[in-house]
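Q: Okay, handing you the structure first.
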Amino acid sequence: MSFFTTLLKQGAAHVALCCGLSGAAYATQWKLITTSSDHTKITYWYVDPSSIVIESNLLQARLRTAWSTTQYGPNNTSYQSTTYLNFIDCERRTIAFTGNTYFSDRESTSAPVYQEDAQPVQTLRFSAVRPGTPGELRINYLCQSYGTSSNKVI
126 MSFFTTLLKQ GAAHVALCCG LSGAAYATQW KLITTSSDHT KITYWYVDPS SIVIESNLLQ
186 ARLRTAWSTT QYGPNNTSYQ STTYLNFIDC ERRTIAFTGN TYFSDRESTS APVYQEDAQP
246 VQTLRFSAVR PGTPGELRIN YLCQSYGTSS NKVI
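Next comes the structure, spelled out in structure tokens:
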């Protein structure tokens, strides 16, 4: 991928994030990170590789979670997928997220059914992940795949 193509993709992702556009507002190529082992309610975790940037000691990425069954969230809203901005401190192995957008479909292409505003990273509460959890799998995947070797910046 050329430098200009990468720059354009990053620009589109940042415009979408800054202006509150949903994942459906621009073409996203989600990459599956892992799935749950619960066969009664399968959970899928994805990352948008073009959204991954590193600033200082934090890795930032747009993630998506989808479920095989309907979930219920804020205001008892039914949904089957969410997209959100994740911040990861690979060295401390902590994670925080903000800007959840809820969708009625698993692909996150429907109109959002609920949206939460993204908060500044300085106000987020970072949590250590427990071993063997989906949070640990996300940290392992993102930090091993992209870590501090990325040349992308915010």
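Here the numbering used here = 1-based position in the sequence shown + 125.
Backbone N, C-alpha and C define an ideal beta-carbon position, used for all residues, glycine too.
Bear in mind the structure is a predicted one, so any value in this text is a computation, not a measurement.
(1) Helix or strand or just coil, what does DSSP make of L188?
(2) Going by C-alpha distance, which of Y271, L184, T258, T219 is nearest G162?
(3) Could you give the DSSP three-state label for I167: helix, strand or coil?
(4) Please identify the residue among N265, T165, Y227 whose C-alpha is closest to the C-alpha of Y197.
(5) On the criterion of 16 or more Cβ atoms from any shown chain inside 10 Å, does Y157 qualify as buried, or is it exposed?
(6) Under a three-way DSSP split, which group does Q205 fall into?
(7) Taking just the CA atoms, how far does S270 sit from N201?
(8) Per the DSSP calculation, A253 is bridged to which residue(s)?
(9) Which two residues bound the contiguous alpha helix (DSSP H) that contains Y239?
(10) Kindly indicate the opening and closing residues of the alpha helix (DSSP H) around E261.
(11) Distance check for D173 and T153, CA to CA, integer angstroms please.
A: A quick look at the data gives this:
(1) strand
(2) Strictly speaking, residue 162 in this sequence is Ser, with Gly absent from that position. Of Y271, L184, T258, T219, the residue nearest in Cα terms is T258.
(3) coil
(4) Y227
(5) With the sequence shown as reference, residue 157 is identified as Leu, and Tyr is not the correct amino acid for it. So L157 ends up on the exposed side.
(6) strand
(7) 36 Å
(8) T219
(9) Y239 -> not in any alpha helix (DSSP H); beta strand (DSSP E) instead, spanning 237-240.
(10) 259-270
(11) 7 Å
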